[in-house]
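In the working numbering, the protein residues as written are 57 to 467.
From the three backbone atoms N, C-alpha and C, an ideal C-beta is built for every residue, glycine too.
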Ligand code: IMP
């Protein structure tokens with residue numbers, strides 16, 4: 057158990073503060089061993105976290121990164137949109153590595169099923185938008201269309217797994233054809249559902265009751281946020297956002313947990329910044345600097361493999377994310393990616409739609425694997441202390457490499 061181990065009954069959340077891909081998975085991996093339950097609340101297979109299973113790297117999209125801790129119960133909450141074949145693939149991958157997750161997997165009966173036709177609609181809508189240069193650059197995993205159905209009260213929820221839904225699908229066929237020119241392949245959808253029911257039927261349950269029983273029993277719950285604050289449907293850089301609520305409020309709503317039980321919310325931000333897809337990015341850089349950050353940081357979409365747009369940290373974004381989520385502390389990730397930079401610009405404020413930059417002197421030495429703050433070069437310490445001062449929030453965790461142990465933990 058870590059020195060910062062949570063007390064009995066704690067509910068802790070890890071939430072991204074930028075545009076996703078902050079490296080939340082590593083912190084979750086570190087924290088999860090001290091928690092009884094790891095829960096995902098919202099989103100779907102648009103998320104992508106790289107997990108090393110049996111010495112091999114895999115990208116998980118639906119299961120939370122905490123699923124590798126074999127003691128933890130895994131909950132997929134009501135706010136999620138679940139593509140069942142993807143979930144079965146992840147389960148099979150874990151089984152091949154000797155981990156049977158099914159007995160400890162609980163899926164909310166209120167979560168929505170994301171069908172193949174949702175992915176097809178996503179593609180049609182992106183094509184339409186691209187004709188007017190307004191494409192969002194979605195992951196094309198059907199996320200927007202699944203939430204459209206949910207909001208229109210025509211979605212099909214996990215509670216229907218194992219039931220005959222051919223009539224519901226038949227009703228959709230006409231609408232899919234006329235609105236999107238899509239011919240529904242009902243046979244394929246039903247087959248996928250049938251295969252999923254055979255494996256997952258007993259996992260589907262009322263996760264509200266379950267979570268509340270756990271809380272009463274003093275179990276410790278870790279909420280794993282998906283995507284990140286600046287992609288939130290309400291508070292993000294709309295319309296270049298995802299279709300779910302990615303903040304702590306969205307996570308609580310997605311899981312049916314009341315705010316009063318919430319403990320610490322940990323904000324995760326990279327020491328620089330990236331974005332996938334379209335939308336404003338004031339501190340974005342181009343050319344050699346972008347390429348260097350991309351290569352050093354491995355900044356390629358884990359789901360789509362698209363090169364991520366790269367740029368510098370922007371303090372006003374962190375402040376805004378902190379306001380929305382009430383962060384108790386920061387995890388600043390991937391500090392070592394900046395090891396070769398001569399100058400490290402940081403956006404300190406926004407003026408007339410542009411970022412005002414302050415330049416920090418680079419440390420030009422390897423920080424990989426450093427686990428104590430005072431062993432960091434002075435310039436790196438200065439950058440971290442600047443983030444803490446400017447946001448008014450302490451930096452408790454600092455990522456200094458890909459490995460699990462490559463993290464500075466400050467108590
Ligand atoms: P959607 O969620 O697939 O609809 O995509 C909407 C926007 O959110 C696009 O710009 C995506 O690149 C972005 N996005 C969605 N999920 C993630 C994520 O997990 N990491 C980074 N960007 C994401």
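{"Asked": "Is the beta carbon of residue 334 within less than 8 Å of some heavy atom of ligand 1?", "Found": "yes"}
{"Asked": "For a test of your reading of the model: does the CB of residue 225 fall under 8 Å from any non-hydrogen atom of ligand 1? Yes or no.", "Found": "no"}
{"Asked": "Is DSSP giving residue 490 helix, strand or coil here?", "Found": "Since the first residue shown for the chain is 57 and the last is 467, residue 490 is missing from the structure and cannot be characterised."}
{"Asked": "Tell me the rounded alpha-carbon separation between residue 80 and residue 124.", "Found": "15 Å"}
{"Asked": "Less than 6 Å between C-beta atoms, sequence neighbours within five positions excluded: which residues of the same chain meet that for residue 37?", "Found": "As shown, the chain starts at 57 and ends at 467. That puts residue 37 outside it, with no answer to give."}
{"Asked": "Taking Cβ to Cβ, would you say residue 313 is nearer than 9 Å to residue 115?", "Found": "no"}
{"Asked": "Going by DSSP, what residue range makes up the beta strand (DSSP E) through residue 219?", "Found": "Neither: residue 219 is in no beta strand (DSSP E) and is coded neither H nor E."}
{"Asked": "Please indicate yes or no: does the CB of residue 211 lie closer than 8 Å to some heavy atom of ligand 1?", "Found": "no"}
{"Asked": "From this set, 220, 188 and 134, which residue's C-alpha is nearest residue 206's C-alpha?", "Found": "134"}
{"Asked": "Run the proximity test for residue 357: is its beta-carbon closer than 8 Å to any non-hydrogen atom belonging to ligand 1?", "Found": "yes"}
{"Asked": "Starting from residue 164, follow its DSSP beta bridges and name the residues at the other end.", "Found": "261"}
{"Asked": "How close, in whole Å, do the beta carbons of residue 71 and residue 289 come, if the pair is a contact with beta carbons under 8 Å?", "Found": "About 15 Å; that fails the 8 Å criterion."}
{"Asked": "Can you find a heavy atom of ligand 1 that lies under 8 Å from the Cβ of residue 199?", "Found": "yes"}
{"Asked": "With a cut-off of 8 Å on the beta carbons, I'd call residue 111 and residue 136 a contact; round off their distance for me.", "Found": "Not confirmed; about 29 Å, so no contact."}
{"Asked": "Nearest chain D C-beta to residue 234 closer than 9 Å, yes or no?", "Found": "In the structure shown, chain D cannot be found, because there is only a single protein chain."}
{"Asked": "Between which two residues does the beta strand (DSSP E) containing residue 114 stretch?", "Found": "112 to 116"}
{"Asked": "State the CB to CB distance for the pair residue 75 and residue 287, rounded to an integer number of angstroms; the pair is presumed to be in contact (CB under 8 Å).", "Found": "6 Å"}
{"Asked": "At a threshold of 8 Å, does residue 70 count as lining ligand 1 (C-beta to nearest heavy atom)?", "Found": "no"}
{"Asked": "With a threshold of 7 Å on Cβ separation, who are the neighbours of residue 126 within its own chain once the five nearest residues in sequence on each side are excluded?", "Found": "155"}
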